[in-house]
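In what follows, a single structure is set out as structure tokens and then discussed.
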Amino acid sequence: MAPQRYNRTKAVALAVVGAAATANAFQAKGVFGGQRVATPRSLTRSAAHLDMKFKVAVVGGGPSGACAAEIFAQYPDVETVIIERKMDNAKPCGGAIPLCMVDEFKLPEKLIDRKVRKMKMISPTNREVDIGTTLKPDEYIGMVRREILDGYLRSRAIEYGATPINGLVTKIDVPQGHNGRYKIHLQNYEGAQKVGTKEEMEVDLIIGADGANSRVAKAMDAGDYNYAIAFQERVRVNPEQMKFYEELAEMYVGDDVSPDFYGWVFPKYDHVAVGTGTVVNRPAIMEYQKAMRERAGAKIEGGTIIKIEAHPIPEHYRPRRVVGRMVLVGDAAGYVTKCSGEGIYFAAKSGRMAAEEIVAVMKANGGKLPTEAQIKDTYIKKYDQAYKPTYIVLDLLQRIFYSNNAAREAFVEMCESEYVQKVTFDSYLYKRVQGNNPVEDIKLLFNTVGSLFRGAALAPPDKPYSNPVESLKRL
Ligand SMILES: Cc1cc2nc3c(=O)[nH]c(=O)nc-3n(C[C@H](O)[C@H](O)[C@H](O)COP(=O)(O)OP(=O)(O)OC[C@H]3O[C@@H](n4cnc5c(N)ncnc54)[C@H](O)[C@@H]3O)c2cc1C
Numbered sequence: 160m161a162p163q164r165y166n167r168t169k170a171v172a173l174a175v176v177g178a179a180a181t182a183n184a185f186q187a188k189g190v191f192g193g194q195r196v197a198t199p200r201s202l203t204r205s206a207a208h209l210d211m212k213f214k215v216a217v218v219g220g221g222p223s224g225a226c227a228a229e230i231f232a233q234y235p236d237v238e239t240v241i242i243e244r245k246m247d248n249a250k251p252c253g254g255a256i257p258l259c260m261v262d263e264f265k266l267p268e269k270l271i272d273r274k275v276r277k278m279k280m281i282s283p284t285n286r287e288v289d290i291g292t293t294l295k296p297d298e299y300i301g302m303v304r305r306e307i308l309d310g311y312l313r314s315r316a317i318e319y320g321a322t323p324i325n326g327l328v329t330k331i332d333v334p335q336g337h338n339g340r341y342k343i344h345l346q347n348y349e350g351a352q353k354v355g356t357k358e359e360m361e362v363d364l365i366i367g368a369d370g371a372n373s374r375v376a377k378a379m380d381a382g383d384y385n386y387a388i389a390f391q392e393r394v395r396v397n398p399e400q401m402k403f404y405e406e407l408a409e410m411y412v413g414d415d416v417s418p419d420f421y422g423w424v425f426p427k428y429d430h431v432a433v434g435t436g437t438v439v440n441r442p443a444i445m446e447y448q449k450a451m452r453e454r455a456g457a458k459i460e461g462g463t464i465i466k467i468e469a470h471p472i473p474e475h476y477r478p479r480r481v482v483g484r485m486v487l488v489g490d491a492a493g494y495v496t497k498c499s500g501e502g503i504y505f506a507a508k509s510g511r512m513a514a515e516e517i518v519a520v521m522k523a524n525g526g527k528l529p530t531e532a533q534i535k536d537t538y539i540k541k542y543d544q545a546y547k548p549t550y551i552v553l554d555l556l557q558r559i560f561y562s563n564n565a566a567r568e569a570f571v572e573m574c575e576s577e578y579v580q581k582v583t584f585d586s587y588l589y590k591r592v593q594g595n596n597p598v599e600d601i602k603l604l605f606n607t608v609g610s611l612f613r614g615a616a617l618a619p620p621d622k623p624y625s626n627p628v629e630s631l632k633r634l
């Protein structure tokens, strides 16, 4: 099978039209039109359907898995199981979600711990720029605890009829040519079992929603992606310090906190999350984290570290996202944006979109299973139409503005522009760019050049680091 390879020439060309394409970001409707069609309780299954169902296994119960399972569970011709190794999993994550997700995924307000309305960008020379001034009173970035969000989405899928299995998928046997059923091997931890019971299950279609270390991706030979390692400490600070971060998130840039990403302080329910990430020098992650604590300084001083966590963040799509009837979504597919490291919305969206498109194909096929070509022609095509320009633009921005201290200094200076703030927030909060203004675009171009010169004059040069093995391995 021909792998879907990333076409660099096309990518650059697309980047030019990227902003415009993002402006009209495709609003996927799918079979349920992105809307709930009925309340869970109103969904009953006709007994006539029971013996002719196809079985779909969703592996992973994070946002991508839960949102996929919820859609399959509403389709009477499918029996849906959702396999999650740890039902109370608290995925290491900053937990920032865009406003549009609250509406689109009908998230109750109680899931949002904090509504961030102000952001500070802090440059390598510690210049602070407040952003968020363009936000309307009802606009915010939501801060969630992942154990709460994931638990809620998973319970909703279960209410719709998905069968939960508390199990770790260890292996998948793929039938010759993907003809026939897939055999999933798992350790079932049902009840309070510490040691799982070995089980096998045959299914017709698999959704790989099992995150960055995906077993499904391995079984389908989806190919590798490069990844950042992200490290985060949950710090319980005193009430006065917490008050400071009540509605405020901070982003720090500088080669001290990361040679190619940013460091953050995000407010959570009753503490702050302090973290950073890197691809090019992963072995030095603890040094960067130490620098983050130092940069935040008195604002978190004396705080108690209540949790330490680390996890990979994918850098780009996997070479193959559909093989046979095995389909990747969320982090397993590689749907995290560069620059911001955002993945929750894209996970939920891709899970929902993949399931909606597969169900639509089955309906059009008279209930038959979809082929690989049909899945690629619907889910993959629509997802890329909607979001590939966003990935390309943010990748370019990261390459330009996180590459050295001069560029980082310029980046923070540019964030003072009301126009930059508006475009940035609109594209983040609503996944579209609003009010593009050609005159402002040209002004911005000149200001960028000016900022780059000033940045070069002000910012300290980056310290060299030696990590030829990892940095050269970058895909
Ligand atoms: C430190 C850090 C900070 C981040 N901050 C943000 C942020 O602020 N905002 C944002 O939008 N994104 C953020 N991200 C990215 C975000 O966390 C991911 O993009 C998102 O969680 C992807 O969701 P998912 O459902 O695809 O995968 P995951 O959330 O990783 O869920 C996968 C699930 O599968 C389960 N699983 C894995 N293997 C198996 C198996 N073999 N069998 C059964 N179950 C299995 C896991 O237990 C897990 O519950 C951050 C990531 C990191 C690491």
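The sequence shown begins at 160 in the working numbering and counts up by one.
From the three backbone atoms N, C-alpha and C, an ideal C-beta is built for every residue, glycine too.
Exposed or buried, I444, counting other C-beta atoms within 10 Å across all chains shown (16 or more means buried)? Taking the sequence shown and counting its residues from 1, one reaches residue 444 at position 285. Classification of I444: buried, given that the 10 Å Cβ count is 16 or more.
In chain order, what residues of the same chain lie with their CB nearer than 8 Å to the CB of P623, ignoring the 5 residues before and after it? For the purposes of this step, residue 623 is taken as residue 464 along the sequence shown, with counting starting at 1. Here the set comprises nothing.
Quick one: any contact between the segment 331 to 344 and the segment 301 to 313, if contact means 3 or more CB pairs under 8 Å? no
From the DSSP output, in three-state form, read off P323 for me. Against the sequence shown, residue 323 aligns to sequence position 164. It is a strand residue.
Close beta carbons around L266, own chain, < 7 Å, minus the five adjacent residues each side: Reading the sequence shown from its first residue, position 107 is the one you call residue 266. Correct list, in chain order: M260.
For ligand 1, any of its heavy atoms closer than 7 Å to the Cβ of L266? Against the sequence shown, residue 266 aligns to sequence position 107. Checking the Cβ of L266 against ligand 1 gives no.
Taking the alpha-carbon positions, what's the Y421 to A389 distance? Against the sequence shown, residue 421 aligns to sequence position 262. Against the sequence shown, residue 389 aligns to sequence position 230. Their Cα atoms are separated by approximately 10 Å.
Count the other CB atoms, across all protein chains shown, that sit within 10 Å of the CB of A616; report buried if there are 16 or more and exposed otherwise. As a first step, residue 616 must be located in the sequence shown, where it is residue number 457. With fewer than 16 other Cβ atoms within 10 Å, it is exposed.
For Y428, collect the residues of the same chain with a Cβ closer than 7 Å to its Cβ; drop the 5 residues on either side in sequence, then sort them by chain order. Here residue 428 refers to the residue found at position 269 when the sequence shown is read from its first residue. D272 and R304, listed in sequence order.
Looking only at its own chain, which residues have a Cβ that is under 7 Å from the Cβ of Y542, when we skip the five neighbours before and after it? Counting from one through the sequence shown, the residue named residue 542 turns up at place 383. S509 and M512, listed in sequence order.
D272 by DSSP, collapsed to three states: which one? Here residue 272 corresponds to residue number 113 of the sequence shown, with the count starting at 1. In the structure shown, D272 sits in coil (DSSP, three-state: anything other than H, G, I, E or B).
Using the three-state DSSP reduction, which class does M260 fall into: helix, strand or coil? As a position in the sequence shown, residue 260 is number 101, starting the count at 1. The answer is helix: DSSP assigns M260 an H, G or I state.
With respect to the alpha helix (DSSP H) encompassing V216, which residues constitute its N-terminal and C-terminal limits? Residue numbering aside, residue 216 sits at position 57 when the sequence shown is read from its first letter. According to the sequence displayed, residue 216 carries Ala and not Val. Note, A216: premise wrong, no alpha helix (DSSP H); beta strand (DSSP E) at F213 to V218.
Going by the DSSP bridge assignment, what does I459 pair with across the sheet? The residue labelled residue 459 in the question sits at position 300 within the sequence shown. Answer is none; I459 lacks a bridge partner.
Three-state secondary structure (DSSP) at Y589? In the sequence shown, residue 589 corresponds to position 430, counting from 1. It is helical.
Measure the Cβ-Cβ separation of A351 and G221 and say whether it is below 8 Å. Working through the sequence shown from its first residue, we reach residue 351 at position 192. Working through the sequence shown from its first residue, we reach residue 221 at position 62. Against a cut-off of 8 Å, the Cβ pair of G221 and A351 comes out as no contact.
Which residues does DSSP list as the beta-bridge partners of P473? Within the sequence shown, numbered from 1, the residue matching residue 473 stands at position 314. Y386, per the DSSP bridge assignment.
Based on the DSSP secondary-structure assignment, which residues constitute the bridge partners of T435? Residue mapping note: residue 435 aligns to position 276 of the sequence shown, counting from 1. DSSP lists F390 as partners of T435.
In the DSSP assignment, find the unbroken alpha helix (DSSP H) run with T296 in it and report its ends. Sequence index remark: in the sequence shown, residue 296 carries index 137 (1-based). Rather than Thr, the amino acid found at residue 296 in this sequence is Pro. No alpha helix (DSSP H) contains P296, which DSSP labels as neither H nor E.
Write down the C-beta distance between I241 and A228 rounded to the nearest angstrom, noting that I regard them as a contact closer than 8 Å. Taking the sequence shown and counting its residues from 1, the one referred to as residue 241 is at position 82. Taking the sequence shown and counting its residues from 1, the one referred to as residue 228 is at position 69. With a Cβ gap of about 4 Å, I241 and A228 count as contacting.
Taking the alpha-carbon positions, what's the D297 to P283 distance? Residue mapping note: residue 297 aligns to position 138 of the sequence shown, counting from 1. Residue mapping note: residue 283 aligns to position 124 of the sequence shown, counting from 1. Their backbone Cα atoms lie some 32 Å apart in a straight line.
Please confirm if the segment 476 to 485 is in contact with the segment 432 to 448, defined as three or more CB-CB distances below 8 Å between the two stretches. no
Nearest-angstrom Cα separation, counted from A492 out to A376: Taking the sequence shown and counting its residues from 1, one reaches residue 376 at position 217. Taking the sequence shown and counting its residues from 1, one reaches residue 492 at position 333. Their Cα atoms are separated by approximately 8 Å.
Could you check if H344 belongs to the surroundings of ligand 3, using beta carbon to heavy atom distance under 7 Å? In the structure shown, ligand 3 is absent; the only ligands present are ligand 1.
Answer with buried or exposed for P471, where buried requires no fewer than 16 other C-beta atoms within 10 angstroms of its C-beta. As a first step, residue 471 must be located in the sequence shown, where it is residue number 312. Flag for P471 reads buried.
Please report the residue range of the alpha helix (DSSP H) in which V224 lies. The residue you call residue 224 lines up with position 65 of the sequence shown. The amino acid at residue 224 is misidentified as Val; the sequence shows Gly. That run of the alpha helix (DSSP H) goes P222 to A232.
Tell me, to the nearest whole angstrom, how far the beta carbon of A507 is from that of F264; I am working on the premise that it is less than 8 Å. Here residue 507 refers to the residue found at position 348 of the sequence shown. Here residue 264 refers to the residue found at position 105 of the sequence shown. Confirmed, about 6 Å.
What is the rounded straight-line gap between the Cα of A197 and the Cα of P235? By one-based count along the sequence shown, residue 197 stands at place 38. By one-based count along the sequence shown, residue 235 stands at place 76. Because A197 sits at a pLDDT of 33, beneath the cut-off of 50, its placement in the model cannot be relied upon, and the following sentence gives the value as read from the coordinates. A197 and P235: Cα-Cα distance of roughly 13 Å.
Cutoff 6 Å; reference R200; Cβ partners in own chain excluding five residues on either side: Along the sequence shown, read from residue 1 onward, the residue named residue 200 stands at position 41. Because R200 sits at a pLDDT of 31, beneath the cut-off of 50, its placement in the model cannot be relied upon, and the following sentence gives the value as read from the coordinates. Closer than 6 Å at Cβ, skipping near neighbours: no residue.
Continuous alpha helix (DSSP H) stretch holding A492: start and end: Here residue 492 corresponds to residue number 333 of the sequence shown, with the count starting at 1. Where A492 is concerned, the enclosing alpha helix (DSSP H) stretches over G489 to A492.
Over what stretch of residues does the beta strand (DSSP E) that includes K342 continue unbroken? Start at 1 with the first residue of the sequence shown, and residue 342 comes out as number 183. Looking at the DSSP string, the run of the beta strand (DSSP E) that includes K342 is Y341 to N347.
Euclidean distance between Cα positions of N524 and Q533: The count along the sequence shown starts at 1 and reaches residue 524 at position 365. The count along the sequence shown starts at 1 and reaches residue 533 at position 374. Going from the Cα of N524 to the Cα of Q533 covers about 10 Å.
At least 3 beta-carbon pairs within less than 8 Å: the segment 337 to 351 vs the segment 450 to 463: no
Using a threshold of 8 Å, state whether the C-beta atoms of A255 and I324 are closer than that. The residue labelled residue 255 in the question sits at position 96 within the sequence shown. The residue labelled residue 324 in the question sits at position 165 within the sequence shown. It is not a contact, given that the beta carbons lie outside the stated cut-off.
In this structure, does DSSP put G635 in helix, strand or coil? Absent from the model: residue 635. The displayed extent of the chain is 160 to 634, so no value can be given.
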